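Engineer:
In the working numbering, the protein residues as written are 140 to 439.
What follows is the structure, given as structure tokens:
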């Protein structure tokens with residue numbers, strides 16, 4: 140990955156909203172847009188690595204089947220008593236990574252990152268130094284668990300003699316990694332945020348995921364400003380208004396279908412931009428979700 144002028148797909152994090160990226164990929168692949176390599180962080184790392192294994196319509200179809208079949212308990216197997224016990228005995232997490240590991244081990248098409256059709260870079264965070272740590276080879280599943288290990292929710296992953304956690308702590312939308320690896324055209328696949336929830340999330344984990352997605356939006360705007368002039372950055376707009384919590388895995392089919400249609404529309408017509416990003420990625424609320432761009436749409 141040293142040649143100049145390459146195209147990269149960059150996958151942001153977003154937990155259950157990662158299903159949105161499947162819809163984006165369906166359209167991009169169908170329209171003949173393909174990358175030379177992929178970069179992903181957090182939940183986006185899982186999609187990036189899966190796509191890298193088979194970057195075709197058939198491969199995206201397999202991703203879609205996986206997302207449509209996922210349930211929250213497959214990833215977040217949260218028993219109140221078990222979680223309380225972990226806190227009482229001073230564990231560093233409330234959710235075991237066993238569920239995520241089981242899902243990935245059972246369904247992932249490649250065992251090592253370097254076996255993919257496309258080069259893939261997984262972004263994690265060194266828990267002790269706070270520095271971004273990039274993984275481009277080695278066992279796939281441990282790297283993905285590390286990149287998705289939300290601090291306090293999942294335990295750090297001891298890998299490469301480091302304690303690694305969610306890549307979103309340092310870079311939820313890892314544009315600099317793509318540029319460092321030679322990309323000059325970058326398609327960013329964000330998941331957006333839950334801008335039209337009727338009320339705040341009710342559980343600690345859902346609040347943490349929602350807050351992390353709000354952080355992603357701010358990080359993306361900062362990353363675009365920092366990387367301007369170094370690459371041509373094309374940001375695929377996510378669906379908006381969005382009333383699906385990043386803790387809700389039951390609506391993957393809806394997210395995929397909406398994202399697929401919106402990506403087609405974006406390629407044909409473009410999108411209104413605000414501060415260098417699609418308007419869907421500015422922090423905002425919807426008083427009237429049925430009319431997101433009318434008088435009831437407010438920037439936060």
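For glycine and all other residues, C-beta sits at the position ideal for the given N, C-alpha and C.
The structure presented is a predicted model; accordingly, all values stated were derived computationally and were not measured.
Could you tell me the boundaries of the alpha helix (DSSP H) in which residue 167 lies?
Structural biologist: For the purposes of this step, residue 167 is identified with residue 28 of the chain shown, where counting begins at 1. Per DSSP, residue 167 belongs to the alpha helix (DSSP H) from 158-169.
Engineer: Assuming the contact rule is C-beta atoms closer than 8 Å, residue 376 and residue 334 should be a hit. Round their C-beta distance to whole Å, please.
Structural biologist: Along the chain shown, read from residue 1 onward, the residue named residue 376 stands at position 237. Along the chain shown, read from residue 1 onward, the residue named residue 334 stands at position 195. Not quite, the Cβ-Cβ distance comes to about 13 Å (not below 8 Å), so this is no contact.
Engineer: Inspect the beta-carbon positions of residue 385 and residue 352 and report whether they are closer than 8 Å.
Structural biologist: Sequence index remark: in the chain shown, residue 385 carries index 246 (1-based). Sequence index remark: in the chain shown, residue 352 carries index 213 (1-based). Yes, they are a contact pair.
Engineer: In angstroms with no decimal places, state the Cα-to-Cα distance between residue 315 and residue 208.
Structural biologist: As a position in the chain shown, residue 315 is number 176, starting the count at 1. As a position in the chain shown, residue 208 is number 69, starting the count at 1. Linking residue 315 to residue 208 through their CA atoms gives a straight-line distance of about 33 Å.
Engineer: Given a cut-off of 8 Å, decide if residue 271 and residue 309 are closer than it, judged by their beta-carbon atoms.
Structural biologist: As a working mapping, residue 309 is identified with position 170 in the chain shown. As a working mapping, residue 271 is identified with position 132 in the chain shown. Taking 8 Å as the Cβ cut-off, residue 309 and residue 271 qualify as a contacting pair.
Engineer: With a cut-off of 8 Å, do at least 3 Cβ pairs link the segment 148-159 to the segment 173-183?
Structural biologist: yes
Engineer: Grab me the residues of residue 398's own chain with a C-beta within less than 7 Å of its C-beta, minus the 5 sequence neighbours each way, in chain order.
Structural biologist: Taking the first residue of the chain shown as position 1, residue 398 is located at position 259. Once the five neighbours on either side are set aside, the close Cβ partners of residue 398 are 159, 162, 163, 377 and 378.
Engineer: Just list the beta strand (DSSP E) runs in the segment 324-381, keeping only unbroken ones of 3 residues or longer that don't cross its boundaries, in chain order.
Structural biologist: The qualifying runs are 371-374.
Engineer: Taking all protein chains shown into account, decide if residue 343 is buried (16 or more other Cβ within 10 angstroms of its Cβ) or exposed.
Structural biologist: Reading the chain shown from its first residue, position 204 is the one you call residue 343. Around the beta carbon of residue 343, a 10 Å sphere encloses fewer than 16 other beta carbons of the protein chains shown; the residue is thus reported as exposed.
Engineer: Count the other CB atoms, across all protein chains shown, that sit within 10 Å of the CB of residue 349; report buried if there are 16 or more and exposed otherwise.
Structural biologist: Position 210 of the chain shown, counted from the first residue, corresponds to residue 349. The residue is buried, with at least 16 neighbouring Cβ atoms inside 10 Å.
Engineer: Based on the DSSP secondary-structure assignment, which residues constitute the bridge partners of residue 180?
Structural biologist: The residue you call residue 180 lines up with position 41 of the chain shown. Partner(s): 262.
Engineer: Let me make sure I understand the geometry here. Which of 287, 213, 264 and 251 has the alpha-carbon closest to that of residue 275?
Structural biologist: For this step, residue 275 is matched to residue 136 along the chain shown. It is 251.
Engineer: Examine the Cβ distances between the segment 351-370 and the segment 408-425 and report whether three or more of them are shorter than 8 Å.
Structural biologist: yes
Engineer: Could you have a look at residue 395 and say whether DSSP puts it in helix, strand or coil?
Structural biologist: Here residue 395 is taken as the residue at index 256 of the chain shown, counted from 1. Looking at residue 395 - three-state DSSP - the assignment turns out to be helix.
Engineer: When DSSP builds the beta bridges, which residues end up paired with residue 274?
Structural biologist: Here residue 274 is taken as the residue at index 135 of the chain shown, counted from 1. Partner(s): 261.
Engineer: I'd like the span of the beta strand (DSSP E) that includes residue 424, first residue to last.
Structural biologist: Reading the chain shown from its first residue, position 285 is the one you call residue 424. Start and end: 423-425.
Engineer: For residue 312, tell me which candidate among 292, 286, 302 and 298 has the shortest Cα-Cα distance.
Structural biologist: Here residue 312 corresponds to residue number 173 of the chain shown, with the count starting at 1. Nearest of 292, 286, 302 and 298 to residue 312, Cα basis: 286.
Engineer: What are the residues that DSSP puts in a beta bridge with residue 417?
Structural biologist: Here residue 417 corresponds to residue number 278 of the chain shown, with the count starting at 1. Its beta-bridge partners are 412.
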